[in-house]
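Chemist: Here it is: the structure, laid out below.
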Amino acid sequence: MAESVILVTGGTGLVGKAIQKVISEDELAKNEKWVFLSSKDGDLVDRKATEAVFEKYKPTHVIHLAARVGGLFHNMAKKVEFYRENTLMNDNIMECCRIHGVKKLVSCLSTCIFPDKTTYPIDETMLHNGPPHNSNLGYSMAKRMVDTMNHCYHEQYGVQFTSLIPTNVYGPHDNFNIDDGHVIPGLIHKCYLAKQQNKDMVLWGSGTPMRQFIFSEDLARLTVWVLREYKEIEPIILSVGEEDEVSIADVAKMIKEAMEFKGNLIHDTTKADGQFKKTASNTKLRSYKPDYKFKPIAEGIKEAVDWFVANYDSARK
Ligand code: NAP
Ligand code: GDP
Numbered sequence: 004m005a006e007s008v009i010l011v012t013g014g015t016g017l018v019g020k021a022i023q024k025v026i027s028e029d030e031l032a033k034n035e036k037w038v039f040l041s042s043k044d045g046d047l048v049d050r051k052a053t054e055a056v057f058e059k060y061k062p063t064h065v066i067h068l069a070a071r072v073g074g075l076f077h078n079m080a081k082k083v084e085f086y087r088e089n090t091l092m093n094d095n096i097m098e099c100c101r102i103h104g105v106k107k108l109v110s111c112l113s114t115c116i117f118p119d120k121t122t123y124p125i126d127e128t129m130l131h132n133g134p135p136h137n138s139n140l141g142y143s144m145a146k147r148m149v150d151t152m153n154h155c156y157h158e159q160y161g162v163q164f165t166s167l168i169p170t171n172v173y174g175p176h177d178n179f180n181i182d183d184g185h186v187i188p189g190l191i192h193k194c195y196l197a198k199q200q201n202k203d204m205v206l207w208g209s210g211t212p213m214r215q216f217i218f219s220e221d222l223a224r225l226t227v228w229v230l231r232e233y234k235e236i237e238p239i240i241l242s243v244g245e246e247d248e249v250s251i252a253d254v255a256k257m258i259k260e261a262m263e264f265k266g267n268l269i270h271d272t273t274k275a276d277g278q279f280k281k282t283a284s285n286t287k288l289r290s291y292k293p294d295y296k297f298k299p300i301a302e303g304i305k306e307a308v309d310w311f312v313a314n315y316d317s318a319r320k
């Protein structure tokens with residue numbers, strides 16, 4: 004049988020690096036060829052560059068992670084770029100997968116793209132029920148269309164295009180840029196600087212919003228499982244349970260503890276809170292994988308903090 008060639012777009016990012024680690028320890032992967040792409044291998048916003056990537060690697064399977072990604076404040080400031088770049092990348096990837104006869108495409112959505120005004124917990128059936136939170140309108144609408152197009156491609160061409168929906172992700176190799184990144188890497192970076200400079204650590208917003216966080220290696224393991232075993236076109240939420248939702252203030256305390264920072268943690272309430280919560284149900288995931296054990300958040304935060312401190316010079320920031 005011809006060798007499977009699995010192309011991972013965005014293979015150098017937070018989730019891509021975690022998949023690299025999981026794959027390096029995976030027995031089945033020894034008989035497969037895994038290719039992890041960086042944007043340096045081709046700008047996937049550009050159709051010709053995307054076609055060249057497909058010509059070069061001839062993938063049989065694709066995990067599509069590449070995206071314009073950022074935290075609340077970056078999303079609020081660049082809605083047009085978040086919409087356009089993600090829409091173009093997703094369109095290029097899907098159409099190249101169709102043309103090149105890719106057997107399965109797994110794309111990555113996010114729980115922040117669900118309707119803002121909703122009942123909780125959110126589940127997979129509610130994706131298109133109403134407008135998303137305005138703070139990340141561009142990103143959300145681009146990502147929602149992936150689910151729409153997965154169904155269109157399946158109906159018209161019979162292809163296996165599906166998607167997974169992670170909650171907030173964190174771990175080693177994250178984007179630790181304070182202005183553009185997500186809350187955990189942003190707060191880790193701020194805590195590091197506060198400790199070095201003997202200053203206060205500043206949390207943005209009230210600290211009351213609630214989030215479910217998934218450690219990047221857990222998401223990586225589950226993504227590989229989706230590629231190999233999940234047969235539906237409908238998306239699947241990859242999340243810790245509702246009972247594991249934590250407040251932003253509690254996350255900041257865990258970071259402070261992991262960094263052994265003894266100074267003050269203060270709130271800048273002039274900054275936005277974003278969505279108050281987006282509590283997601285992992286009932287569907289549990290129906291397939293009842294025994295999967297997620298890394299507890301305090302342990303994952305300690306790992307992310309230790310990684311950032313050890314790799315301060317080379318970390319994305
Ligand atoms: P990330 O760390 O920012 O990595 C983004 C990846 O995409 C990088 O490998 C980057 O390549 C690549 N990329 C960006 N623009 C590109 C372009 N124009 N052409 C080609 N490649 C491009 O992101 P992540 O956090 O791993 O996110 C992975 C996926 O998970 C995304 O689809 C994101 O929407 C989704 N997601 C993330 C979170 C989260 O909390 N992080 C939550 C839910 C869903 P270079 O680094 O080489 O430039
Ligand atoms: P979201 O989950 O999509 O809203 O994205 P984020 O990962 O950016 O989380 C945003 C939440 O964390 C909001 O409630 C922010 O007010 C809060 N927050 C507190 N400090 C920070 C910070 O330093 N960076 C970011 N991005 N958010 C912060």
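Okay, so the sequence shown: first residue is 4 according to my numbering, each after it adds one.
Glycine included, C-beta positions come from ideal geometry on N, C-alpha and C.
Output the residue ranges of the alpha helix (DSSP H) runs that lie fully inside the stretch 162–248 and measure 4 residues or longer, sorted by chain position.
Modeler: 186–200, 219–232
Chemist: Which term fits MET4, buried or exposed, when burial requires 16 or more other beta carbons within 10 angstroms of its beta carbon?
Modeler: Low confidence applies to MET4: its pLDDT is 48, below 50, so where it sits in the model is not reliable, and the reading given next is rough at best. Exposed, since its Cβ has fewer than 16 Cβ neighbours within 10 Å.
Chemist: Could you check whether the Cβ of ASP247 sits closer than 7 Å to any heavy atom belonging to the ligand GDP?
Modeler: no
Chemist: What are the partner residues of LYS36, as DSSP defines its beta bridges?
Modeler: Paired residue(s): VAL8.
Chemist: Are the beta-carbon atoms belonging to VAL172 and LEU225 less than 8 Å from one another?
Modeler: no
Chemist: Look at THR211 and ALA252 and say whether their C-beta atoms are less than 8 Å apart.
Modeler: yes
Chemist: Would the beta-carbon of PHE117 be found less than 7 Å away from any heavy atom of the ligand GDP?
Modeler: no
Chemist: Just to check my reading of the structure: GLY14 and SER42 have Cβ atoms closer than 8 Å, yes? What is that Cβ distance to the nearest angstrom?
Modeler: With 8 Å as the limit, GLY14 and SER42 do not qualify as a contact, their Cβ atoms being about 10 Å apart.
Chemist: Scan the stretch 66–132 and note each continuous alpha helix (DSSP H) run of 4 residues or more that stays entirely inside, going in chain order.
Modeler: 75–80, 82–102
Chemist: For ASN267, which residues of its own chain have a beta-carbon under 6 Å away from its beta-carbon, when the five flanking residues on both sides are left out?
Modeler: ASP203
Chemist: Beta-carbon within less than 7 Å of THR128's beta-carbon, same chain only, minus the 5 sequence neighbours each way: which residues are those?
Modeler: none
Chemist: In terms of residues, what are the limits of the alpha helix (DSSP H) holding HIS270?
Modeler: HIS270 -> not in any alpha helix (DSSP H); beta strand (DSSP E) instead, spanning 268–271.
Chemist: For LYS82 and GLY141, which I take to be in contact (beta-carbon distance under 8 Å), what is that distance rounded to the nearest angstrom?
Modeler: 4 Å
Chemist: Around the C-beta of GLN215, are 16 or more other C-beta atoms found within 10 angstroms, so that it is buried, or is it exposed?
Modeler: By the 10 Å Cβ count, GLN215 comes out buried.
Chemist: What is the residue span of the alpha helix (DSSP H) that GLU302 lies within?
Modeler: 300–313
Chemist: Below 8 Å on the Cβ atoms is my contact criterion, and I expect SER113 with ASN93 to pass it. Report the Cβ-Cβ distance as a whole number of Å.
Modeler: With 8 Å as the limit, SER113 and ASN93 do not qualify as a contact, their Cβ atoms being about 13 Å apart.
Chemist: If you draw a straight line from the alpha carbon of SER143 to that of MET152, how long is it in whole angstroms?
Modeler: Going from the Cα of SER143 to the Cα of MET152 covers about 14 Å.
Chemist: Buried or exposed: which applies to LYS146, given that a residue is buried once 16 or more other Cβ atoms fall within 10 Å of its Cβ?
Modeler: buried
Chemist: What residue range does the alpha helix (DSSP H) around HIS141 cover?
Modeler: For the sequence presented, residue 141 should be read as Gly rather than His. Per DSSP, GLY141 belongs to the alpha helix (DSSP H) from 140–160.
Chemist: Mind checking whether CYS194 and PHE117 have CB atoms under 8 Å apart?
Modeler: No.
Chemist: Determine contact between the stretch 93–105 and the stretch 162–177, defined as no fewer than three beta-carbon pairs at a distance below 8 Å.
Modeler: yes
Chemist: Going by the CB atoms, is the gap between ARG71 and ASN95 shorter than 8 Å?
Modeler: no
Chemist: Per DSSP, ALA283 is paired with what?
Modeler: ILE125
Chemist: Would you give the residue range spanned by the alpha helix (DSSP H) that ARG50 belongs to?
Modeler: 50–60
Chemist: What are the boundary residues of the alpha helix (DSSP H) that includes ALA318?
Modeler: Element bounds for ALA318: n/a, residue is neither H nor E.
Chemist: Output needed for LEU196: all residues of its chain with C-beta closer than 8 Å, excluding positions within five of it in sequence on either side, in chain order.
Modeler: LYS202
Chemist: With the cut-off set at 8 Å, would you say GLY174 and PHE218 are in Cβ contact?
Modeler: yes
Chemist: Below 8 Å between beta carbons: does that hold for PRO124 and SER284?
Modeler: Yes, Cβ-Cβ distance for PRO124 and SER284 is below 8 Å.
Chemist: Taking 7 Å as the cut-off, is the C-beta of PHE311 nearer than that to any heavy atom in the ligand GDP?
Modeler: no
Chemist: Using the rule of at least 16 other Cβ atoms within 10 Å of the residue's Cβ for burial, across every protein chain shown, is HIS131 buried or exposed?
Modeler: exposed
Chemist: Give the range of the alpha helix (DSSP H) segment to which GLY19 is assigned.
Modeler: 17–27
Chemist: Report the three-state DSSP secondary structure of SER290 (helix, strand or coil).
Modeler: helix
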